[in-house]
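Asker: Protein chains in written order, with the numbering used here: chain A, 50 to 269; chain B, 5 to 296; chain C, 994 to 1317. Glycine included, every Cβ here is placed at the ideal spot set by N, Cα and C. Once you've had a glance at the structure underneath, I'll fire off some questions.
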Amino acid sequence: MLELEHITAGYVRGEPVVRELSLTVADGEAVGLLGPSGCGKSTLAKVAALLHRPFAGTVRLAGEPVRGFRYRAPRAQRTRIGVVFQQPRLAADPRLALRDLIAEPARATGRGQELAERAAALATEVGLGPELLGRRPHEVSDGQLQRACLARALLLRPSLLICDEMTAMLDASTTAALVAVVEDYRRENGAALLAVGHDRVLLRRWCDRVLDFPAVPATA
Amino acid sequence: MTASAAEQPWHAPGTTRRGTRTARVVVSAVLVSAAALAVLLVPPLFPLDQQAVDLTAKLSAPGADHLFGTDEVGRDVLLRSVYGLRVSLLVGLVAALVASGIGLAVGCAAGALGGRTDRVVMRLVDTFTAVPHLLMGIFIVAMFRPGVWPVVASVGLTHWVSTARIVRAEVLSLRARPFVDAAISGGASRLRVAARHLVPAVLPQAGLAAVLMVPHAIWHESALSFLGLGIPAHEASLGTMINGARGSLVTGEWWPTLFPGLFIVIPTLAIAGLAGAWRERINPRRRSELVL
Amino acid sequence: MNDASAARPPLLAVHELSVRFLMPGGRHVAAVNGVSFELAAGECLALVGESGCGKSVLASALLGLLPGNARTRGTALLGPDDRIDLLGAEETTLARTVRGRRAGLIPQSPAAHLTPVRTVRSQLEETVRELRDTRRGALRAAAEAAAARAAFPADHLDRYPHQLSGGLAQRAATALALVADAPLLIADEPTTGLDRDLVDRTVDELRRHTDEGHGLLVITHDLAAAARMADRVAVMYAGRIVEVATAADFFGAAGPRHPYARGLLDALPERAFAPIPGLPPELDALPEGCAFAARCDRATDICTTLPALTGGVACHHASEAVDA
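Structure, rendered in structure tokens:
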């Protein structure tokens, strides 16, 4: 599904936070990527999500090489991947009601009508009742907002889901609930998962395979 | 068990500064509405013949006949001040709108596109900033016959740079947020991200900049008119009135300059007061008052 | 510990504390409802619960940091000597004599809590100058002593916050909270977003400050962290404390007694990893009775009345046998 080969990435040239890293996620496989804070695993997740252009290395998605990142990645490639971020507050446009937040990818790809029912069904699936859908991000808790962000990531039926520290801000029950939603989705759609995190117990329980992120000397 | 507590009144934590803040907003709002009502209602009710002079009543001190006195050719200072305020407010509003529109467009383009576009546009902005506003404004009005619209153009074309800077900085900081990443991942195009997520988010800031620009524009107009480059000398404008009356200031007749001056200062302060209240409203820390 | 608190007034005695937020349109959000607890010096109480249960609001209320649309009720006496009501006190009193001096805050995101344009040393020295009457010459030594107490390495004092790792930023913020040796420390989600090693180190350091005699109120959703540092655990749900127990009982063989607390522990990946069904009720539309009844498999008719917190648990069915 996803092949990363010899990826070197970072934000300042000459100071990469990820060096020469290779990683493969097979179709339908769940891979956990484990590492301490600030080791570069989030950067790698952004590269894998086609959201950050690496300095060097190749990314292949479903066998096809990725030629551009961010806006330059073809829409078909971008929308095959769903992404959930660590901090729902930052990952949600503060002006959009949860209902619009969830439906945003459908509207952006011109499929708002067609996917309206799926958006509503997903909202129910992640546990958001109709009374919450009209609220804006500052009116709901972190847990509720992260539920909406997960629904948004699943809307276009991605075949790869990337969860970057999805549960780091959440309590035990919400964590278990969101993982259950992800697993239900993967069972029904045969989707692959790349879960990035620092909780070994959680990733072991969740993923087929857990890799330790190679330690990169932290910048002072 | 909660019986005793249930009877207790609710206690509000420290709220001392709120009172003065509300008073400031109320006073500003009253002054701005009074100015707006005056310029809307007075001209239809009391037509002003811009050319009429009454030399028998020239430079009469403020009194029952003329509340604000008369000027050096016997025209009523109060009535002319209201007419002048009308010109100033019109120029101020339209020019601020034009300037903010240009600034918003340029700032969004630079911020959202980034890269080379950003560098080129911002160098252009720097160049614009390097030339004094008034000098460039004079240059622009000098190309046209005196009147309201050249003044509007002069203000609008010189004052957009500050808005452009504010908007660009805001867009740049928004662009790095994960919600933009999420939108891209959801298939959104560059245009859609800009139109749906970036521009609406900077509108309150740009609106604030626009309101704060109204006083700037009023002062700019008055300055141009005072120099004889803005509104034609015989037409009532706060700038032309002060210019025309500055001779009589030396001989002790203070009213033909003081009252138009107050008409410039008071509305601009009131507008700035309202803008300050707005700034506090859109401050994100206050917007999310309820932190769960 | 309990013997000591019986002899003298406790360090912090919160009685029937409620906080509500007035919202536009006459609505109000009942974030904290009739919460009572006590905290002794040298004790660590962990307040656990899911996001949005009101635990952070409680911390803000104790420090007088609530926004303007909040209204409070009840008392929170900070002692043990010269007791002051944290809720009734004037803002100026809180600023001059309480915050930093008698109650220190260890913030949720230390990096954001520090001033980005100044070095750790200059921030520490400023705090020392503000909180203690220290001569200019002695500032440097006092700042270094404060850093040492928080285990912040002296050779990093001249760095700026962005040059610090997450763990060091946490220690810098802790050092600031410890400057005036405030007897009460309140830590708001001190481990959120840290990796496990860092969580363990942070927790051990907080535990060390407790053992040195500080009373520590930790607000967290991280049950593992709570298990590692707390003497007692208070579980908060929908603005109420539903269970108070010693950490040994709560995480040990006895286990929690409230169905919600049991569900919370069962949701851990090292246990059943099963979520509690449903979502907590909205704080602006709390039910009349037990707030957890809608999600509880043991709910009966009696649960439509509000259970009181008796014997450390607020559940009508607490005394019934638990079928694991």
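Give the secondary structure of A:Tyr120 by DSSP, where H, G and I count as helix, E and B as strand, and everything else as coil.
Answerer: helix
Asker: Identify the contact partners of A:Gly176 in chain C, using a Cβ-Cβ distance below 8 Å as the criterion.
Answerer: Gly1271, Leu1272
Asker: If contact is defined by three or more beta carbon pairs under 8 Å, each pair taking one atom from either stretch, is the segment 55-63 of chain B in contact with the segment 181-198 of chain B?
Answerer: No, because fewer than three Cβ pairs between the segment 181-198 of chain B and the segment 55-63 of chain B fall closer than 8 Å, the two stretches do not touch.
Asker: Is B:Ser193 helix, strand or coil when you go by DSSP?
Answerer: coil
Asker: Of all Cβ atoms in chain B, is any one closer than 7 Å to the Cβ of A:Tyr234?
Answerer: no
Asker: Is it buried or exposed, B:Ala214, if we count other Cβ atoms within 10 angstroms and call 16 or more buried?
Answerer: buried
Asker: Less than 7 Å separating the beta-carbons of B:Phe263 and B:Phe72?
Answerer: Judged by their CB atoms, B:Phe263 and B:Phe72 are nearer to each other than the 7 Å cut-off.
Asker: For B:Val81, write down the residues that DSSP places opposite it in a beta bridge.
Answerer: In DSSP, B:Val81 forms no bridge with anything.
Asker: So, for C:Leu1056: in the same chain, excluding its five sequence neighbours on each side, which residues have a beta-carbon less than 7 Å away from its beta-carbon?
Answerer: Arg1092, Ala1096, Leu1098, Ile1179
Asker: Considering only C-alpha positions, which residue in the set A:Tyr234, A:Gly117, A:Trp255 is nearest to A:Gly131?
Answerer: Closest by alpha carbon: A:Tyr234.
Asker: Pairing CB atoms from the segment 165-176 of chain B with CB atoms from the segment 199-214 of chain B, are three or more of them under 8 Å?
Answerer: yes
Asker: Determine the DSSP secondary structure at A:Glu43, reduced to helix, strand or coil.
Answerer: Lying outside 50 to 269, the shown extent of chain A, residue 43 of chain A is not represented and no answer is given.
Asker: Taking Cβ positions only, does B:Arg194 come closer than 7 Å to chain A?
Answerer: yes
Asker: Using the beta-carbon of each residue, which ones in chain C are nearer than 7 Å to B:Ala16?
Answerer: By Cβ distance, chain C contributes Arg1064.
Asker: Determine which residues of the segment 151-184 of chain A have a Cβ less than 7 Å from any Cβ of chain B, and write them out in chain order.
Answerer: Glu153, Pro154, Ala157, Thr158
Asker: Should C:Glu1118 go down as buried or exposed, given a rule of 16 or more other Cβ atoms within 10 Å for buried?
Answerer: buried
Asker: Between A:Met215 and chain C, is there a C-beta pair that is closer than 7 Å?
Answerer: no
Asker: For chain A, check one thing: does any of its Cβ atoms lie closer than 7 Å to the Cβ of B:Thr6?
Answerer: Per-residue confidence for B:Thr6 stands at a pLDDT of 42, beneath the threshold of 50, marking its modelled position as unreliable; the derived number appears in the next sentence. So, not an interface residue.
Asker: Check this for me: beta carbons of A:Val67 and A:Thr92, under 7 Å apart or not?
Answerer: Yes, these two residues count as a Cβ contact at 7 Å.
Asker: Thinking just about the alpha-carbon of each residue, which of A:Glu52, A:Gly183, A:Glu166 is nearest to the one in A:Val80?
Answerer: A:Glu52
Asker: Which chain A residues sit within Cβ distance under 7 Å of C:Thr1112?
Answerer: Within 7 Å Cβ-Cβ: nothing; C:Thr1112 doesn't reach chain A, min ~14 Å.
Asker: Label B:Val31 either buried or exposed according to how many other C-beta atoms from any shown protein chain fall within 10 Å of its C-beta, with 16 as the threshold for buried.
Answerer: exposed
Asker: If we ignore side chains and look at the alpha-carbon of each, how far apart do C:Gly1232 and C:Lys1048 end up?
Answerer: 7 Å
Asker: Is it the case that the segment 1241-1256 of chain C contacts the segment 1059-1070 of chain C, given that we only count it when at least three CB pairs across the two stretches are under 8 Å?
Answerer: no
Asker: Say whether chain A places a C-beta atom closer than 7 Å to the C-beta of B:Ala186.
Answerer: yes
Asker: Closest by CA to B:Val298, which one among B:Ala103, B:Pro48, B:Arg84?
Answerer: Residue numbering for chain B in the displayed model covers 5 to 296; residue 298 of chain B lies beyond these limits and cannot be assessed.
Asker: Is B:His137 buried or exposed, if buried means 16 or more other CB atoms sit within 10 Å of its CB?
Answerer: buried
Asker: With DSSP as the reference, label C:Tyr1230 as helix, strand or coil.
Answerer: strand
Asker: According to DSSP, is C:Leu1178 helix, strand or coil?
Answerer: It is a strand residue.
Asker: Run through chain B and tell me which residues come within less than 8 Å of C:Gly1081, C-beta to C-beta.
Answerer: His15
Asker: By Cβ distance below 8 Å, which residues in the same chain neighbour A:Arg249 in space, the five residues on each side in sequence not counted?
Answerer: Leu83, Val259
Asker: Starting from C:Ser1115, trace the alpha helix (DSSP H) in both directions and tell me its first and last residue.
Answerer: 1113-1124
Asker: Just verifying my parser: in three-state terms, what is the DSSP assignment at A:Asn238?
Answerer: helix
Asker: Straight-line CA distance for C:Cys1308 to C:Leu1071?
Answerer: 29 Å
Asker: Mind checking which residues open and close the beta strand (DSSP E) that includes A:Asp213?
Answerer: 209-213
Asker: Starting from the C-beta of B:Pro150, find all residues in its chain whose C-beta is less than 6 Å away, skip the five residues before and the five after it, and write them out in chain order.
Answerer: Pro236
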